[in-house]
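Worksheet: the structure to be examined is printed underneath.
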Amino acid sequence: LNWPALELGPKEGLALINGTQMMLGTGMVALERVTRLADWADALGAWSLEAWNGLKAAMHPSIHRIRNQAGAMIAAHNVASWLEGSERAAQPRTYVQDPYSFRCMPQVHGASRDIVESVRAVFEAEMNAVTDNPLVFPDEDLIVSGGNFHGQPLALAMDRLALAIHEWASISERRVFKMLSGQRGLPVFLASNPGLNSGYMIPQYTAASLVSYSKQLCTPSSADNADSSNG
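Residue 110 in this note's numbering sits at position 107 of the sequence shown; the count goes up by one each step and never skips.
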């Protein structure tokens with residue numbers, strides 16, 4: 004690349020390796036992906052509601068305005084927007100409510116969205132922070148040792164992010180299960196000849212397996228630590 008060698012100033016080498024930069028970088032990449040995933044969760048939820056012949060009523064803004072949870076209001080708006088203009092979603096229904104995995108999409112998706120935004124606040128604060136040690140305060144003629152290198156704020160944030168992802172996966176798998184159950188005019192396993200053909204039976208197995216695996220992955224890593232550096 005023919006780049007000139009980077010010449011570090013006093014204490015810059017230590018600052019590069021003795022802070023939370025690696026954790027933060029990894030977390031920011033994950034956060035960007037999860038932010039996109041939040042929108043995909045709402046879109047896929049809307050399409051599943053349409054396929055299930057579900058009710059749009061649970062997305063009505065008045066429901067979510069009186070609870071005043073920001074994430075739920077965004078999720079409900081997104082799902083309703085994806086269903087706008089759908090002839091299937093506009094058809095009259097003889098039933099008054101859907102299973103929780105459809106009806107409570109805004110509440111579940113929204114709670115995960117709220118976690119994403121809380122994690123974003125932690126990461127943005129850390130991006131503008133000094134996290135090495137010791138710290139030099141020239142104006143105060145002070146050099147002091149502290150603990151800003153500790154990754155606990157980021158670790159807890161990333162544990163919450165993993166849980167948010169799991170909740171999207173869990174409720175999505177439940178919707179898949181219901182769509183294959185032979186209700187609402189849909190054939191069992193969405194098969195053309197149920198009993199002879201398996202249809203989408205095996206993909207639901209895969210979804211259930213992935214959700215079980217995600218339960219392991221979202222176990223808080225920050226809870227499993229041990230003392231180091233003499234306590």
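All C-beta atoms, glycine included, are put in the ideal place defined by N, C-alpha and C. Owing to the predicted nature of the structure, the values given are computational and were not obtained by experimental measurement.
Exercise. First and last residue of the beta strand (DSSP E) that includes residue 140?
Worked result: One-based indexing of the sequence shown puts residue 140 at position 137. In this chain, the beta strand (DSSP E) harbouring residue 140 covers 138-140.
Problem set entry | Same chain, Cβ closer than 8 Å to residue 197, neighbours up to 5 away in sequence not counted | Locating residue 197 in the sequence shown gives position 194, where the first residue counts as 1. So the qualifying residues of the chain are 185, 190, 191.
For this session: Please name the residue or residues paired with residue 197 in a DSSP beta bridge.
Result: Here residue 197 refers to the residue found at position 194 when the sequence shown is read from its first residue. Residue 197 is bridged to 200.
Exercise. Which residue from 94, 13, 37, 11 puts its Cα closest to that of residue 123?
Worked result: The sequence position of residue 123 within the sequence shown is 120, counting from 1. Of 94, 13, 37, 11, the residue nearest in Cα terms is 37.
For this session: State the start and end residues of the unbroken beta strand (DSSP E) segment that holds residue 146.
Result: As a first step, residue 146 must be located in the sequence shown, where it is residue number 143. Counting along the chain, the beta strand (DSSP E) containing residue 146 begins and ends at 145-147.
Exercise. For residue 68, which residues from the same chain have a beta carbon less than 8 Å from its beta carbon, with the 5 sequence-adjacent residues on both sides left out?
Worked result: Numbered from 1 along the sequence shown, position 65 holds the residue referred to as residue 68. Around residue 68, the same chain offers 76 as residues with beta carbons nearer than 8 Å, after the five sequence neighbours per side are excluded.
Exercise. Is it buried or exposed for residue 145, if we count other Cβ within 10 angstroms and need 16 for buried?
Worked result: In the sequence shown, the residue the question calls residue 145 occupies position 142. Its Cβ having fewer than 16 others within 10 Å, residue 145 is exposed.
For this session: Leaving out five residues on either side along the sequence, give the residues of the same chain with a beta carbon under 7 Å from the beta carbon of residue 148.
Result: The sequence position of residue 148 within the sequence shown is 145, counting from 1. 136, 137, listed in sequence order.
Exercise. What residue range is occupied by the uninterrupted alpha helix (DSSP H) comprising residue 87?
Worked result: Locating residue 87 in the sequence shown gives position 84, where the first residue counts as 1. Unbroken run through residue 87: none, as it is neither H nor E.
Problem set entry | Exposure of residue 22, with buried meaning 16 or more beta-carbon neighbours within 10 Å | Walking along the sequence shown from the start, residue 22 turns up at place 19. Result: buried.
Exercise. What number of angstroms, rounded off, separates the C-alpha of residue 154 from the C-alpha of residue 234?
Worked result: What you label residue 154 is simply residue 151 of the sequence shown in a count that begins at 1. What you label residue 234 is simply residue 231 of the sequence shown in a count that begins at 1. Taken atom to atom, the span from the alpha-carbon of residue 154 to that of residue 234 is near 15 Å.
Problem set entry | Assigned secondary structure, residue 32 (DSSP; H/G/I helix, E/B strand, else coil) | Working through the sequence shown from its first residue, we reach residue 32 at position 29. Helix.
Problem set entry | Unbroken stretches of the alpha helix (DSSP H), 4 residues or longer, contained in the segment 50-96 | List check, alpha helix (DSSP H) in window: 64-68, 73-86, 90-93.
For this session: Could you pull the start and end residues of the alpha helix (DSSP H) that residue 171 belongs to?
Result: To locate residue 171, count along the sequence shown from 1; it is residue 168. Going by DSSP, residue 171 is part of the alpha helix (DSSP H) stretching over 155-182.
For this session: Verify whether the separation of the beta carbon atoms of residue 104 and residue 178 is less than 8 Å.
Result: For the purposes of this step, residue 104 is taken as the residue at position 101 of the sequence shown. For the purposes of this step, residue 178 is taken as the residue at position 175 of the sequence shown. The answer is yes: Cβ separation under 8 Å.
Exercise. Hey, would you say residue 115 sits closer than 8 Å to residue 41, going by beta carbons?
Worked result: Start at 1 with the first residue of the sequence shown, and residue 115 comes out as number 112. Start at 1 with the first residue of the sequence shown, and residue 41 comes out as number 38. It is a contact, given that the beta carbons lie within the stated cut-off.
For this session: Look up residue 37 in the DSSP assignment and give the residues it is bridged to.
Result: One-based indexing of the sequence shown puts residue 37 at position 34. Bridge partners of residue 37: none, in fact.
Problem set entry | Three-state class that DSSP yields for residue 99 in the structure shown | Counting from 1 along the sequence shown, the entry for residue 99 is found at position 96. DSSP places residue 99 in coil when its eight states are reduced to three.
Problem set entry | residue 133 - DSSP class collapsed to helix/strand/coil | Position 130 of the sequence shown, counted from the start, is the residue given in the question as residue 133. In this structure, residue 133 counts as coil in the three-state DSSP scheme.
Problem set entry | Start and end residues, alpha helix (DSSP H) containing residue 185 | Numbered from 1 along the sequence shown, position 182 holds the residue referred to as residue 185. Residue 185 -> no alpha helix (DSSP H), and no H or E assigned at all.
Exercise. Counting along the chain, where does the alpha helix (DSSP H) carrying residue 18 start and finish?
Worked result: Residue mapping note: residue 18 aligns to position 15 of the sequence shown, counting from 1. Looking at the DSSP string, the run of the alpha helix (DSSP H) that includes residue 18 is 15-20.
Problem set entry | Through-space distance from residue 49 to residue 29, alpha-carbon basis | Here residue 29 refers to the residue found at position 26 of the sequence shown. Here residue 49 refers to the residue found at position 46 of the sequence shown. Computed Cα separation, rounded: 31 Å.
Exercise. In whole angstroms, what is the alpha-carbon distance linking residue 102 and residue 20?
Worked result: Numbered from its first residue, the sequence shown carries residue 102 at position 99. Numbered from its first residue, the sequence shown carries residue 20 at position 17. Going from the Cα of residue 102 to the Cα of residue 20 covers about 51 Å.
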